[in-house]
Amino acid sequence: MSAKAISEQTAKKLLFNSICLSAAVQNRFRCAGVTAETDWARLIQDHGWLLTERLVVKPDQLIKRRGKLGLVGINLDLSGVREWLQSHLMRETTVGKAKGVLKKFLIEPFVPHKEEEEFYVCVYATREGDHVLFHHQGGVEVGDVDAEAQRLTVAVDEELRRDQVTKHLLTHVPGEKKEILASFILGLFKLYVDLYFTYLEINPLVVTQDGVYVLDMAAKIDATADYICKAQWGDIDFPPPFGREAYPEEAYIADLDAKSGASLKLTLLNPRGRIWTMVAGGGASVVYSDTICDLGGVDELANYGEYSGAPSEQQTYDYAKTILSLMTREKHPQGKVLIIGGSIANFTNVAATFKGIVRAIKDYQGPLKENEVTIFVRRGGPNYQEGLRVMGEVGKTTGIPIHVFGTETHMTAIVGMALGHKPIPNQPPMDAHTANFLLNSSNNTKTPAGTRTASFSEDRPCDDVTPSKKSKADPSAEVQASSGCGGAKATTLFSKHTKAVVWGMQTRAVQGMLDFDYVCSRDEPSVTAMVYPFTGDHKQKFYWGHKEILVPVYKSVADAVKKHPEVDVLISFASLRSAFDSTVEAMQHPQIHTIAIIAEGIPEALTRKLIKMADEKGVTIIGPATVGGIKPGCFKIGNTGGMLDNILASKLYRPGSVAYVSRSGGMSNELNNIISRTTDGVYEGVAIGGDRYPGSTFMDHVLRYQDTPGIKMIVVLGEVGGTEEYKICQGIKEGRITKPLVCWCIGTCATLFASEVQFGHAGACANQASETAVAKNQALRDAGAYVPKSFDELGDVIRTVYDELVASGTIVPAQEVPPPTVPMDYSWARELGLIRKPASFMTSICDERGQELIYAGMPITEVFKEEMGLGGVLGLLWFQRRLPRYACHFIEMCLMVTADHGPAVSGAHNTIVCARAGKDLISSLTSGLLTIGDRFGGALDAAAKQFSKAFDSGMLPMEFVNKMKKDGKLIMGIGHRVKSINNPDMRVKILKDFVKQHFPSTQLLDYALDVEKITTSKKPNLILNVDGFIGVAFVDLLRTCGGFTRDEADEFVEIGALNGIFVLGRSMGFIGHYLDQKRLKQGLYRHPWDDISYVLPEHMSM
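In numbering that gives the first Met the number 0, the protein residues as written are 0 to 1101.
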């Protein structure tokens, strides 16, 4: 949601902090909030005026008309306020249909004033601009301000002037107060614009001889502008409407939503209800709520919510488990139902999201059975067949009744089944597997009759843009040209020759567009270029049917359109933060006449600026917050229409006779399905987006459809909120719209809820009675549109109207022609389980593909929770074992003692030379590591192998020493340049003490120490050095810790695991030397001549 109500205290804080006035607001910063937990001593300490002023106290919970409801205490002292609160605080009260508890109050100084000193001022936003309302008689009895107040409209991107305020708003204000009121209204309007308010009302605004007083205030701000206004706003809490509690689970889901690129929403309506929903899609979630209420379930509907935008498996799991936890807390005598519904997804992998839901069902299978929960599932979209199969399987394995349906079942049919109004089919018909649509196994040129309901009309080429007969009501109307210029927008947005630029590195969406082009038998791809400022100026590889092609990628729109003058469409996948600037840039190029903005969450003020600019330049904007649109046989925007299986199932590869426009992207795909099953198919479909101010309106597209001869009937899926549908009513009445028009506005349930519910779309909220879905449906019905009784009947009405058009000869069904086949992408075929291929790599230590990184089967969160440390992680990644704590500690000790041994050794020396030669960290480190071998640092493996072989063969220490001497071999791990039996290596001593204390057995170490006794008797420095000690101690660890078999322990020694300890440890020292040289700014190293012995052969003369 964008426009969100804020508390009065928050609104006044923003006003007092930011308003710029020549005359200051007199009661600035003088308001104190009170709850049941308030510490009164602290409150009085922070607000000393509470003891000295007469006071006003009132609830601050988004309650309108508090004065008329008797919810304001006036002209009280502090004791009077506390006494008044005793009878109101934490008391249940009813406001309209909403019943709630009064929990939060606001105390302010009482302002003595006369009735004629009260004024009313309000600023609110509409599509056209911002409206300033002013009435010279404010207060409780202000009356109908819409009818009585003075009104001034400030167009988008224009400023409010003082002369306008004085002339249009202050006509009935006494002369001495005009100046201060004009100044205040100008300051208030600037605050409203700068801080992205969408609604701001002060009633009364009191003006006395002392100055201005803001008494009661109500406000909404555009929450999507948080990234712009965070510094001025600070942290803002958005309270729930009065009558609905704020639940921690709602806050949890809101937090998940804020951290996700997907959309996750949850509103609890009745936690004790028996009907729970888990619906995918903002539009679909409203339709399901409507249907539940239509069938009498309003009192038992427990929640409203939606998940959409391709949430990950983990996010879906978190969302699902929250709902399952809530619904299984309290039993219901009739049991409970969970409706897992949704429209046909455009790009969400249904099977992937269902995995999260299945995990949650398995985790809660006990409580679900105890609460006698029955689950009904209906879904469509990419890989939905696998998702439904998995959902059906979990029902069988857990014993929970789960009824599963796909796109062959009407979207809301499961509601009737769940509520007992419809029988549950024993074996519901299932559509074919995704792959069956993509691989044509027949050479038959006809589509089998059983797989289609109708076919598209004859003699209507896709590019047909000839206008229909002009309306009798407007004989002078001129049909717009097919290419927009100078403010005239195009009637035809897309054709078989449309060329587009895609902003953003959305390779999956682009490939989907190219596959659609190919299956529509286009001559050339519709995507000419891509724009991506972060890389740009390269080629991106895609498939065109069976062959690969290259699409250029540019850094700016200017470069793309300059090199591709044929481009006239921009599809913007820019983020909500960059969508405005990139769209403004695109509109500087006259060749662009259609722009689709996919991003959701663009602030409304910025969207309105884009709309104004687009209207001036003759550009059609689709979006924001949309999936786009589709013109079968011609062009599709991004992910619209879903994957190829849905494109083919809904016959979107060729034009039909029906055009539609909706707000919801998911519901537009559902309309594709409904229309394909009840008519000859879709001619064109557009989802204008769910924001309050879509770039183009229902009427814009309905008029285009009216003027397109190939379109024989129109379908509109409207929504609660806004008044755009009334323009359609007017168009029908005036005769501008003459084609049969089927319309249904979703959100009829809103009028049945006791408190306001913000649905999934930002614009789906009625601010007045005329904006309700019920009122709009009735108005459309009265105007002459075909309006069903519910969404359930929408398909039936569409079929009836279509059949009438066929019967009258307006539509002549044509022969179905199968489209060319498109090879399935390897990645998707693998996802569907259709193919297998030997992997190029195998790994058994780490998996980064899921929501959480996993080390050898252990989630990273568990690694930290168990405080495993670096040694524990090394055990998981190197040995695939969770090692005992002493073993982990020993590994860490080994890393510590091998970290460095001074700058003189070969590895450190090489690192230093490289660093001083100006090389980077990686090069310098590698130079040092390359010196590690048998002579330097690499003796761990060799020592372990030599000592193990001797010990395992039963050779006595003296025999081992003698054999090595006889063979002329050095004993690895024996000997030190500096240390000796008389000057022991403290590193070895530290390790030896730990090993002797903690290891279960040290047989090989004892054997090595016996060898040391023999070697040091010959020469004092032939000690067991640190490499040898670690080598033999590690063998003891592997053999005796209980985690390895003897063969496994020997294998780790054989493959070089022990040398890894030295490499890892010494890397820390090498990096230290590199950083040290850089910090000391040491120059290029050159070895001194006097340290080089030049031995050259004597000169030989011939």
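Ideal placement from N, C-alpha and C gives every residue a C-beta, glycine not left out.
All values reported here derive from a predicted model rather than from experimental measurement.
- Fully enclosed beta strand (DSSP E) runs of no fewer than 3 residues occupy 196–207, 210–213 and 216–221 of the stretch 150–234, in order along the chain.
- Three or more beta-carbon pairs separated by less than 8 Å are not found between the stretch 686–706 and the stretch 816–833, which leaves the two stretches without contact.
- V336 has I274 and T373 as its beta-bridge partners, per DSSP.
- The bridge partners DSSP lists for Q539 are V550.
- Look at the stretch 632–671 and you find these whole runs of beta strand (DSSP E), each 3 residues long or longer: 657–661.
- For E547, the CB contacts under 8 Å within the same chain, skipping 5 residues up- and downstream, are K540 and F541 in chain order.
- With respect to the C-alpha of H588, the residue from I610, A578, P564 and I570 having the closest C-alpha is P564.
- Straight-line spacing of the CA atoms in L20 and R161 works out to 13 Å.
- Going by DSSP, W877 is part of the alpha helix (DSSP H) stretching over G868 to F878.
- Counting the other Cβ atoms within 10 Å of the Cβ of E116 gives 16 or more, which makes it buried.
- Non-local C-beta neighbours of H87 in its own chain, meaning closer than 6 Å and more than five positions away in sequence, comprise L101, ordered along the chain.
- Straight-line measurement puts the Cα of E114 at about 43 Å from the Cα of N269.
- For E683, the enclosing beta strand (DSSP E) begins and ends at V681 to A686.
- Counting only runs of at least 3 residues, the stretch 919–943 fully encloses no beta strand (DSSP E) element at all.
- Burial state of H1086 is exposed, judged by a 10 Å Cβ sphere holding fewer than 16 other Cβ atoms.
- Rounded to the nearest angstrom, the gap between the Cα atoms of A1007 and A943 is 10 Å.
- For H700, the three-state secondary structure derived from DSSP is helix.
- Under DSSP, W743 forms a beta bridge with L716.
- Taking each of T737, L549 and V657 in turn and checking the Cα distance to T677, the smallest one comes out for V657.
- Contact between the stretch 1029–1039 and the stretch 1067–1082 is not established, with fewer than three Cβ pairs separated by less than 8 Å.
- Counting only the Cα atoms, G142 lies some 28 Å from W83.
- In the displayed model, S307 falls within a strand according to three-state DSSP.
- Sixteen is the threshold: since fewer than 16 other Cβ atoms of the shown chains lie within 10 Å of the Cβ of C845, the residue is exposed.
- Annotation: M954 to S843 spans about 38 Å, alpha carbon to alpha carbon.
- The Cβ-Cβ distance between S17 and L190 falls below 8 Å.
- In the DSSP assignment, S262 is bridged to S307.
- Annotated three-state conformation of C1040 is coil, per DSSP.
- Taking all protein chains shown into account, K1017 has fewer than 16 neighbouring C-beta atoms within 10 Å of its C-beta and is therefore exposed.
- The stretch 711–723 and the stretch 495–511 do not touch, with fewer than 3 CB-CB distances between them shorter than 8 Å.
- Between the alpha carbons of V714 and V681 lies a gap of roughly 10 Å.
- Distance between L702 and I710, taken at the CA atoms: about 11 Å.
- In the DSSP annotation of this structure, the continuous segment of the beta strand (DSSP E) that includes G628 starts and ends at G628 to K630.
- If you ignore the 5 residues before and after L168, its C-beta comes within less than 6 Å of the C-beta of F133, Q149 and L151, all in its own chain and listed in chain order.
- Around the C-beta of H171, fewer than 16 other C-beta atoms lie within 10 Å, and the residue is accordingly described as exposed.
- Non-local C-beta neighbours of I1060 in its own chain, meaning closer than 8 Å and more than five positions away in sequence, comprise I890, C893, L894, T897, L939, I1029 and F1033, ordered along the chain.
- Counting only unbroken stretches of 3 or more residues, the beta strand (DSSP E) elements lying wholly within the stretch 337–407 are 372–377 and 401–404, in sequence order.
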